[in-house]
Amino acid sequence: ELKVEQNPLFLSMQEGKNYTIYCNYSTTSDRLYWYRQDPGKSLESLFVLLSNGAVKQEGRLMASLDTKARLSTLHITAAVHDLSATYFCAVDETGGGADGLTFGKGTHLIIQP
Amino acid sequence: EAQVTQNPRYLITVTGKKLTVTCSQNMNHEYMSWYRQDPGLGLRQIYYSMNVEVTDKGDVPEGYKVSRKEKRNFPLILESPSPNQTSLYFCASSLLGPLSPYEQYFGPGTRLTVT
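These protein sequence lines map, in sequence, to chains A and B. Be aware that the first sequence starts at 1, since it is given in my numbering, and climbs by one per residue. Be aware that the second sequence starts at 114, since it is given in my numbering, and climbs by one per residue.
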């Protein structure tokens, strides 16, 4: 059974600081996704990581994937208040067929001015 | 505009009263899926469908039914809702690759309360 663990689950930080959210998963994966969810809203796709060593950046967010370590990171650079949200990683297991994604429990990020 | 829509967005009902939550997508996606989101548990898949008339159970299918009679629609049916089905429900859709679905697009969510 595929397990996906995110940490931390809760993070409060100040604007201007850097931080990293970690996503570990337990089996071989084809694809890894990062989603953002604002309170009361749906999930918005941030990044799709498809291969070992993949790195994607959008603004102050950068995601990377190390399939050998079964680890993805979401790095926040010089955080701003607008990035406050809950961030989920989701993993598609290699050979898992159409079972869909297995999600981590989410990281609730609060960025204080 | 490409989107996944769900209705209703909010629903309060009583135990045992059958209900249906509709889901529709306009992107011609083969793959559709239902998730429930509960505090501290993240999102868990209920059912999924790879195409018309093809559905299968996800991780938490008990108490739910689905149907896929048309490609664009994937309704979630609760025949006899119970309080433990109080949750936030998301429908998602994606293209289907040779091995598994691609990036999933999520609907706005349906908040269901069963009393």
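Beta carbons are placed, not taken as given, at the ideal position from N, Cα and C, and that holds for glycine.
Item, Value
"Buried versus exposed, by CB contacts within 10 Å (16 or more), B/Ser195", "exposed"
"B/Gln116 beta carbon near the ligand NAP (any heavy atom closer than 7 Å)", "Absent from the structure shown: the ligand NAP. Ligands present: none."
"Buried/exposed call for A/Gly16, threshold 16 Cβ in 10 Å", "exposed"
"Alpha carbon of B/Ser207 to alpha carbon of A/Leu65, nearest angstrom", "22 Å"
"Contact under 8 Å by Cβ, A/Ala79 with A/Ile111", "yes"
"Bounding residues of the beta strand (DSSP E) (the contiguous stretch that carries A/Gly59)", "From DSSP, A/Gly59 is part of no beta strand (DSSP E); its letter is neither H nor E."
"Among A/Ala85, A/Gln6, A/Glu58, nearest to A/Gln37 - alpha-carbon criterion", "A/Ala85"
"Any C-beta of chain A under 8 Å from that of B/Leu124", "no"
"Rounded distance between the beta-carbons of A/Phe88 and B/Gly155, thought under 8 Å", "7 Å"
"Backbone secondary structure at B/His142 - three-state DSSP", "coil"
"Continuous beta strand (DSSP E) stretch holding A/Val4: start and end", "4 to 7"
"C-beta neighbour in chain A for B/Tyr202, strict 8 Å", "no"
"CB contact below 8 Å: B/Gln217 versus chain A", "yes"
"Per-residue burial, B/His142 [other beta carbons within 10 Å of its own, 16 or more giving buried]", "buried"
"8 Å Cβ cutoff, B/Pro221 in contact with chain A", "yes"
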